[in-house]
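The next block holds one structure in the form of structure tokens; read it before the comments.
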Amino acid sequence: MQFDLLVKSGRLIDPASGLDAPRDVAIADGRVAAVDTDIPAGHAARVIDAAGCIVAPGLIDLHSHVYWGGTSLGVDADRLAARSGTTTFVDAGSAGAGNFLGFRRHVIERSKVRILAYVNISFAGIFGFSQTVMVGECSDLRLCDPREVVASVREHADVIVGVKVRSGRFASGTSGIAPVDLALEAADKAGLPLMAHIDEPPPGRSEVLPRLRRGDILTHCFRPFPNAPIFASGAVRPDMRLARERGVIFDIGHGMGSFDFEVARAMLEDGLAPDVISSDVHLYCVDGPAFDILVCMSKLLALGMPLIEVLRAATQRPAEAIARPDLGTLRVGAVGDVSVLRQRSGRFTFVDAVGASLVAEQRLVADGIVIGGAWWPNEAVDDRAIERFEGHARHTHVDVAGKHFGHNHE
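Per our numbering, residue 608 is the first one in the sequence shown, and the count goes up by one each step.
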């Protein structure tokens, strides 16, 4: 056999290659070995029939929280991978220098799906995140030591792709802009980009944005008021346009409270589409409103973002953001990661982080994924009940974790 696996008869959309056409994709030794119009099925040990499907580079979720069991907000990446079409999860600062080794040994190295990570400027990572306990990891500056971050990057350079800082009333308390400045110093020394989270001020977006450099990531870029990127009139704030012109990367980071349809419409209408679509999936939004990256991509489709640009924002652009040109494309020689997707027709009601609804006629679902040349079908019972979810306001962390991981003994 010439190839290990052949994905046949699909519509290949590879934004990085500028390709949208019927093509077969052959994988050998974990890499893309051939892309052609009609590769004989007999040349492959296994054939995946992708007729009627979109064949895309493996989706990269640039903002996720998958340090399950080690942090209170972590979810199991392997449980989400096939049903969300995700072949690479990038953890956004769940672990800091003080617990990154545990994240690596107990989760990253044991996962079937690829996990890369931003290391948190906080030594302890995100340690107090739930509906009943919310202690911002940057509220105590004694935890924010750039030297420890740089040492962690040196030790785990093969999996750390950047530095993460969470600033705002919830994440950093009264620390103001100091955690951002400390994280920037660490990122500069390590030669890596910074991903900056903003929640409610202080600090305000206007303090954080001017500090970000070309290639740094503003996550939660379409967040609601307060700290929204638009005025009450709907006009986009000038500092957002200046940041885009400077090369700051805009990342959705949907999550539990960071994506607003009204803000997204205004940004899209003003030509400021997101560079990256990510889910910010964690224990408190995996059952809604974010669910996973495919749901987030479907929301942007419903808002009028073209399909090829939606796919670009979940493949090519995140690969560029983490400096991994071997990911996010199906060029010959690239890593053999493939997402096999469908556009399902129907009536779908999407909900944003503030409770507003949007009705769409299509949504993206996954048939399965290929990781390093191995086929992983979506065997989920359904493709997520996106219209039915409830908040966790009355539940303890133990209750929510038990529901997600199946450990309830009621």
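By construction, the Cβ of each residue, glycine as well, lies at the ideal position given by its N, Cα and C atoms.
Could you check if residue i is buried or exposed, using at least 16 other CB atoms within 10 Å of its CB as the buried criterion?
i, result
"Glu755", "buried"
"His1016", "With a pLDDT of only 43 at His1016, under 50, the local geometry of the prediction cannot be trusted, and no value is derived from it."
"Ala657", "buried"
"Ser737", "buried"
"Gly962", "exposed"
"Val855", "buried"
"Arg659", "First, the amino acid is wrong: residue 659 is Gly here, not Arg. The residue in question, Gly659, is exposed, as its Cβ has fewer than 16 Cβ neighbours within 10 Å."
"Ala930", "exposed"
"Pro836", "buried"
What are the partner residues of residue i, as DSSP defines its beta bridges?
i, result
"Phe955", "Ala967"
"Ala981", "Ile978"
"Asn727", "Gly703 and Lys771"
"Met741", "Phe736"
"Asp823", "None; Asp823 has no bridge partner."
"Cys660", "In the DSSP output, where bridge partners are listed per residue, Cys660 has none listed."
"Pro629", "Arg618"
"Met802", "Lys771 and Ile824"
"Asp683", "Looking at the DSSP assignment, Asp683 forms no beta bridge with any residue, so it has no partner."
My guess is that residue i and residue j are in contact by the Cβ rule of under 8 angstroms, so how many angstroms apart are they, rounded?
i, j, result
"Ile976", "Ser946", "5 angstroms"
"Val757", "Ala793", "6 angstroms"
"Arg690", "Asn985", "5 angstroms"
Among the options, which has the Cα closest to the Cα of residue i?
i, options, result
"Arg721", "Val673, Leu748, Ile728 and Arg761", "Val673"
"Gly940", "Phe777, Val787, Val639 and Val632", "Val639"
"Ala960", "Gly860, Pro810, Asp685 and Ile646", "Gly860"
"Ala688", "Trp983, Val1007 and Pro664", "Trp983"
"Thr936", "Thr922, Ile929, Ala928 and Arg949", "Thr922"
"Arg853", "Ile667, Asn834, Leu816 and Pro833", "Leu816"
"Leu879", "Met847, Lys771 and Gly1013", "Met847"
"Ser718", "Gly953, Asp683 and Gly811", "Asp683"
"Met820", "Pro845, Phe857 and Pro808", "The question names Met, but residue 820 in the sequence shown is Arg. For Arg820, the nearest C-alpha among the options comes from Phe857."
"Ser782", "Pro810, Pro925, Ala797 and Ala648", "Pro810"
"Val662", "Thr678, Asp685, Asp668 and Thr693", "Thr693"
"Ile824", "Thr1003, His670, Asp645 and Val632", "His670"
Taking the continuous alpha helix (DSSP H) assigned at residue i, which residues delimit it?
i, result
"Ile929", "Here Ile929 belongs to no alpha helix (DSSP H), and DSSP marks it neither H nor E."
"His1004", "His1004 to Phe1012"
"Lys906", "Ile900 to Ala909"
The beta strand (DSSP E) spanning residue i covers which residue range?
i, result
"Leu918", "No beta strand (DSSP E) contains Leu918, which is instead part of the alpha helix (DSSP H) from Leu914 to Arg919."
"Met874", "Counting along the chain, Met874 falls outside any beta strand (DSSP E), though it belongs to the alpha helix (DSSP H) covering Phe868 to Glu876."
"Val642", "Arg638 to Asp643"
"Leu666", "Leu666 to Ser671"
Is any heavy atom in the ligand ATP found nearer than 7 angstroms to the beta carbon of residue i?
i, result
"Leu971", "Inclusion of the ligand ATP in the displayed structure is not the case, the ligand content being empty and no account of it being possible."
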